[in-house]
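Undergrad: FYI, UniProt numbering numbers position 72 of the sequence shown as 72, with every residue one higher than the one before it.
Beta carbons are placed, not taken as given, at the ideal position from N, Cα and C, and that holds for glycine.
What you are looking at is a predicted structure, and each value in this text was computed from that prediction instead of being measured.
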Amino acid sequence: MIRDIRKDKGLLIEEVAAKTGISVSTLGQVEQGGRNLSMKNLYMLMEVYETDANSLLAIDCTPDSLDSRLKRLPADKQDYLKKTFDFMIEQALKSA
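(1) Cα separation between Met-44 and Thr-20?
(2) Please report how far the alpha carbon of Val-30 lies from the alpha carbon of Leu-11, in whole angstroms.
(3) Along the alpha helix (DSSP H) that carries Gln-32, what are the first and last residues, could you check?
(4) Measure the Cβ-Cβ separation of Leu-66 and Gln-78 and say whether it is below 7 Å.
(5) Please classify Met-39: does DSSP put it in a helix, a strand, or coil?
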C-alpha cells in the first residue's frame with residue numbers, strides 16, 4: 001500500500017528519502033513489508049504523502065471498531081496509545 005501511495009503521488013523512492021531523511025534501503029524494506037515503521041517515520045511519510053496513518057498502513061477503521069479494539073487492551077496500553085495519538089494530532093495541528 002505504501003508503494004502504491006508513493007507511485008500515485010508520482011514520487012521516486014529517492015525523492016521520498018531526500019524529503020524524510022529515511023534511507024532508500026529502509027523505505028524499500030517498509031514498502032515490501034519486511035520492516036515496520038517507527039512512529040517518527042510514519043509521521044514523516046504522512047506529511048510527505050499528505051495522508052493519514054490508516055491509509056498508509058492499509059487499516060480500514062471505523063470509529064466503532066477502533067474504540068472496541070482499544071477497550072480490549074490493558075489500561076496501560078490504552079493510555080500509551082491515547083498519548084501517542086494525542087501527540088500525532090498536536091503535530092498535525094502545528095503543521096496545518
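TA: According to the data block:
(1) 6 Å
(2) 16 Å
(3) Counting along the chain, Gln-32 falls outside any alpha helix (DSSP H), and DSSP gives it neither H nor E.
(4) no
(5) helix
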